[in-house]
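Residues in the sequence shown are numbered consecutively from 73, following our numbering.
Ideal placement from N, C-alpha and C gives every residue a C-beta, glycine not left out.
None of these values were measured; they are calculated from a predicted model.
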Amino acid sequence: MAQLKVTLTDDNGSELSYHEYLVGEDLSNLSRIERKVEELRPQILSDMTHDLLAHEQAAYKKNALSEQRELSAKDQDYKREFRV
Numbered sequence: 073m074a075q076l077k078v079t080l081t082d083d084n085g086s087e088l089s090y091h092e093y094l095v096g097e098d099l100s101n102l103s104r105i106e107r108k109v110e111e112l113r114p115q116i117l118s119d120m121t122h123d124l125l126a127h128e129q130a131a132y133k134k135n136a137l138s139e140q141r142e143l144s145a146k147d148q149d150y151k152r153e154f155r156v
């Protein structure tokens, strides 16, 4: 059975996600392959959108936590310096 494999990568080439889709049998010509890919397009786009949003959300949370730690460290330095 034929498969369509989709790998989503970032600008640096790091893999963000990987999906395999079964496209069936009897894909003996380009027209049939194109038709099957068009049928799968909504699912592929949905999966890619989900993966991109999950990746960006994780990166946002990581950055927010890093900024929070940095602010906390600066606050501690301020308190030590001025004995607040």
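Whether residue i touches residue j by CB criterion (9 Å)
| i | j | result |
| --- | --- | --- |
| L94 | L88 | no |
| Y90 | V78 | yes |
| H159 | D82 | The structure shown does not extend to residue 159, since the chain spans only 73 to 156, so no value can be given for it. |
Nearest-angstrom beta carbon gap, residue j and residue i [assumed within contact, 8 Å]
| i | j | result |
| --- | --- | --- |
| E92 | Q75 | 5 Å |
| D98 | R107 | 11 Å between Cβ atoms; not a contact. |
Residue i - DSSP class collapsed to helix/strand/coil
| i | result |
| --- | --- |
| L94 | strand |
| S86 | coil |
| L117 | helix |
| L99 | coil |
Close beta carbons around residue i, own chain, < 7 Å, minus the five adjacent residues each side
| i | result |
| --- | --- |
| M73 | L94, G96 and E97 |
Own chain, CB closer than 6 Å to residue i, minus 5 neighbours either side, in chain order
| i | result |
| --- | --- |
| A130 | none |
| R155 | none |
Cβ shell of residue i (< 8 Å), same chain only, five flanking positions each side left out
| i | result |
| --- | --- |
| L125 | none |
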